[in-house]
Amino acid sequence: MQEKISVIIPALNEADLIYSQVKSVFHKGNDSALEVIVVDGGSSDNTRELALKAGAQVIDSAPGRSVQMNAGAARATGDVFYFVHADLTMPDTFVKDIRKAVAGGFSYGCYQVAFDRPVKGLRFNSSLSKYQGIFFRGGDQTLYITRELFKHIGGFDETIVIMEDYEILLRARKYGKIHIMPQKVIISARKMEQNNYFKTNVINVLVFVLFFLGAPQKMLVNIYSRQVKGSKYRM
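In the UniProt record's numbering, the protein residues as written are 1 to 235.
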């Protein structure tokens, strides 16, 4: 029997993207053993209605990706949870890729990335995603994790507002290396387009370093939200 995959999408004011994203997941999955759960963090647009129209299950949640993703996992009935952002494009083979990885003994993993704009600096950023090491990870790469491992490590830490994708990997890697699949997720360059490329990278590195030095979440959120246009982090 093939594993059922639960695709979990945290969303906040993603009306421009959520309908096409959900439809794309179902089209690429083309599989009855697949469910899509959109967790709405209090959108003021019609994200919720469009997700329902596209065929997703929709649940309401307090805002914050950790909280939203845990809420999605609590509703999910799959053997494998697959956490996906609303503004990226998954490989056509994501169901096959994840099932092959789990059958091969990998309990969690991600894709490499490429940006949707042919910008030299962004190509450098994406080239790093093929390497092991926590510095080269990020939520944009998506994350699959078996239900068993997710429950064993306690899911996402809901006290973490920013860097939640790194924090869960720190706990998961105690049970083995992350599996980095060779295919690529296409991610949006909208944040880089709204902000200066160099400045955005500097802020990303600063927040990363401060997080690992134990800086409080409020400080990290304040730095990021003040310096990066389009940020949705709030405390």
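Glycine included, C-beta positions come from ideal geometry on N, C-alpha and C.
For residue i, does the count of other Cβ atoms within 10 angstroms reach 16, so buried, or fall short, so exposed?
{"i": "H85", "result": "buried"}
{"i": "Y144", "result": "buried"}
{"i": "A71", "result": "buried"}
{"i": "A62", "result": "exposed"}
{"i": "E193", "result": "exposed"}
{"i": "Y19", "result": "buried"}
{"i": "Y175", "result": "exposed"}
{"i": "P118", "result": "exposed"}
{"i": "L213", "result": "exposed"}
{"i": "S44", "result": "exposed"}
Among the candidates the options, whose CA atom is the shortest distance from the CA of residue i?
{"i": "I160", "options": "V22, P216, I223 and S6", "result": "P216"}
{"i": "residue 245", "options": "R234, D157, I153 and L122", "result": "In the structure as shown, the chain begins at 1 and stops at 235. Residue 245 is therefore absent and cannot be evaluated."}
{"i": "K232", "options": "K23, N13 and E167", "result": "N13"}
{"i": "A15", "options": "E3, L52 and Q2", "result": "L52"}
{"i": "D157", "options": "Q57, A114, R65 and I203", "result": "R65"}
{"i": "A114", "options": "T142, I153, D60 and F135", "result": "T142"}
{"i": "I180", "options": "F136, I203 and G154", "result": "F136"}
Using the C-alpha atoms, what's the distance from residue j back to residue i?
{"i": "V95", "j": "G29", "result": "6 Å"}
{"i": "A54", "j": "L149", "result": "30 Å"}
{"i": "F106", "j": "L169", "result": "14 Å"}
{"i": "R99", "j": "L210", "result": "36 Å"}
{"i": "residue 249", "j": "I187", "result": "This structure leaves residue 249 out entirely; the chain is present only between 1 and 235."}
{"i": "D116", "j": "R171", "result": "31 Å"}
{"i": "M69", "j": "L34", "result": "17 Å"}
{"i": "V39", "j": "T146", "result": "19 Å"}
{"i": "K199", "j": "S32", "result": "44 Å"}
{"i": "N195", "j": "G138", "result": "19 Å"}
{"i": "F26", "j": "V36", "result": "8 Å"}
{"i": "P91", "j": "Y166", "result": "22 Å"}
{"i": "Q227", "j": "P10", "result": "23 Å"}
{"i": "K177", "j": "G104", "result": "13 Å"}
{"i": "G109", "j": "A101", "result": "8 Å"}
Looking at chain D, is there any beta carbon in it that lies within less than 8 Å of the beta carbon of residue i?
{"i": "S188", "result": "Within the model displayed, chain D is absent; a lone protein chain is all it includes."}
Kindly provide the ranges of any alpha helix (DSSP H) runs that are 4 or more residues long and lie completely inside the stretch 124-189, ordered along the chain. 147-153 and 164-172
The stretch 64-80 touching the stretch 125-136, judged by at least three CB pairs closer than 8 Å: no
Three or more C-beta pairs below 8 Å linking the stretch 223-231 and the stretch 129-140: no
Which complete alpha helix (DSSP H) runs does the UniProt domain "Glycosyltransferase 2-like" (6-128) hold, if anything under 4 residues is left out? 18-29, 47-53, 65-75, 94-103 and 120-127
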